[in-house]
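Novice: Before we start, here is the structure in question, set down as structure tokens.
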Ligand SMILES: NC(=O)c1ccc[n+]([C@@H]2O[C@H](COP(=O)([O-])OP(=O)(O)OC[C@H]3O[C@@H](n4cnc5c(N)ncnc54)[C@H](OP(=O)(O)O)[C@@H]3O)[C@@H](O)[C@H]2O)c1
């Protein structure tokens with residue numbers, strides 16, 4: 116049975132992705148920075164008939180919690196097949212390029228970039244033991260430099276997220292480098308935008324979480340012929356799914 120770890124999975128898109136991967140037969144470690152919240156969610160899922168889901172404490176800003184989670188997974192499974200770096204924050208709003216202070220950048224980068232780097236590096240040795248390792252970095256089309264600088268892009272005049280968008284652009288570049296370093300291996304590593312989705316992150320505005328979860332889960336399940344080092348957004352590019360960095 117393949118195993119997956121999803122960070123920030125106690126609610127929102129991470130939770131929905133956990134449900135979908137569990138239904139597909141994976142063993143899912145549901146990452147939650149508050150273990151109690153994660154355990155409550157897992158209890159509800161098991162009562163609803165979901166199987167093979169376990170809550171695990173991970174705060175992506177804390178290397179200690181990441182390494183403890185790694186020890187648990189190493190002991191229980193010996194390897195990890197799928198890592199979904201989903202945990203993310205937007206930071207305070209409004210944000211603008213002229214005034215928002217570096218403190219706010221640090222807070223958001225701590226989770227959205229350094230959290231991804233910390234988690235990925237910690238789990239690399241377990242992922243390397245999988246025959247077909249997959250990493251999905253949950254990104255956003257507003258982190259695309261090409262789209263955000265294109266006056267014809269529908270969201271061009273909606274540039275209100277400079278801190279959040281910068282953190283995701285930086286995470287995108289990390290994805291590109293990681294995929295490059297592992298290009299001649301069985302790893303498939305991509306950045307995927309779930310689309311504007313109804314979660315606490317958007318004050319419950321946007322599309323259905325089931326659609327977003329499916330967009331992420333499908334990239335956790337790609338086969339060896341699938342691309343690596345790409346950026347996908349079905350919302351922004353319904354025809355090919357791929358968008359420019
Ligand atoms: N919703 C959208 O429209 C949208 C669009 C594009 C991309 N995304 C991306 O999708 C991902 C999930 O977002 P969402 O909409 O599902 O948001 P959400 O409902 O607010 O969920 C965010 C999750 O991240 C967790 N988290 C925050 N800081 C963390 C930390 N330091 N360590 C571990 N977990 C942490 C939260 O835990 P707590 O419950 O403890 O706070 C929560 O489980 C994010 O990366 C976001 O940038 C969302």
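Residue numbers (the numbering used here): 116 to 360. Each residue gets a CB set at the ideal place from its N, CA and C atoms; glycine is no exception.
1) Taking residue 278 and residue 231 to be in contact with their CB atoms under 8 angstroms, please state how far apart those CB atoms are, rounded to whole angstroms.
2) Is there at least one non-hydrogen atom of ligand 1 closer than 6 angstroms to the beta-carbon of residue 203?
3) Kindly indicate the opening and closing residues of the beta strand (DSSP E) around residue 172.
4) Can you check which of these residues, 159, 221, 171 and 208, is closest to residue 316 by C-alpha distance?
5) Taking only heavy atoms of ligand 1 into account, decide whether any of them is closer than 6 angstroms to the Cβ of residue 176.
6) Is residue 149 close to ligand 1? I mean its beta-carbon at under 6 angstroms from any heavy atom of the ligand.
7) Which of the three DSSP states, helix, strand or coil, is assigned to residue 362?
8) Can you determine whether any heavy atom of ligand 1 sits closer than 6 angstroms to the C-beta of residue 316, and answer yes or no?
9) For residue 311, verify whether its CB is less than 6 angstroms away from any heavy atom of ligand 1.
10) Measure the CB-CB distance between residue 117 and residue 196 and report whether it falls below 7 angstroms.
11) Can you tell me whether residue 257 is helix, strand or coil according to DSSP?
12) Between the alpha carbons of residue 218 and residue 121, how many angstroms are there, rounded?
13) Just confirm the distance between the C-beta atoms of residue 259 and residue 359, as a whole number of angstroms; I'd bet it's less than 8 angstroms.
Specialist: Judging by the given coordinates:
1) For the purposes of this step, residue 278 is taken as residue 163 along the chain shown, with counting starting at 1. For the purposes of this step, residue 231 is taken as residue 116 along the chain shown, with counting starting at 1. Rounded, the Cβ-Cβ distance is 16 angstroms, inconsistent with contact.
2) Here residue 203 refers to the residue found at position 88 when the chain shown is read from its first residue. Residue 203 Cβ: within cutoff of ligand 1.
3) Within the chain shown, residue 172 is the residue found at index 57, counting from 1. Run containing residue 172: 168-172, per the beta strand (DSSP E) assignment.
4) In the chain shown, the residue the question calls residue 316 occupies position 201. For the residues 159, 221, 171 and 208, the minimum Cα distance to residue 316 belongs to 208.
5) For this step, residue 176 is matched to residue 61 along the chain shown. Yes - ligand 1 has a heavy atom lying nearer than 6 angstroms to the Cβ of residue 176.
6) Within the chain shown, the letter at position 34 stands for residue 149. Within the cutoff, so yes.
7) The requested residue 362 is not part of the displayed model; the chain covers only 116 to 360.
8) The residue you call residue 316 lines up with position 201 of the chain shown. Yes, ligand 1 has a heavy atom inside 6 angstroms of this Cβ.
9) Taking the first residue of the chain shown as position 1, residue 311 is located at position 196. Answer for residue 311: yes, Cβ within range of ligand 1.
10) Within the chain shown, numbered from 1, the residue matching residue 117 stands at position 2. Within the chain shown, numbered from 1, the residue matching residue 196 stands at position 81. The answer is yes: Cβ separation under 7 angstroms.
11) Within the chain shown, numbered from 1, the residue matching residue 257 stands at position 142. Residue 257: helix per DSSP, three-state reduction.
12) On the chain shown, residue 218 is found 103 positions in, with the first residue counted as 1. On the chain shown, residue 121 is found 6 positions in, with the first residue counted as 1. Their backbone Cα atoms lie some 27 angstroms apart in a straight line.
13) For the purposes of this step, residue 259 is identified with residue 144 of the chain shown, where counting begins at 1. For the purposes of this step, residue 359 is identified with residue 244 of the chain shown, where counting begins at 1. Confirmed, about 6 angstroms.
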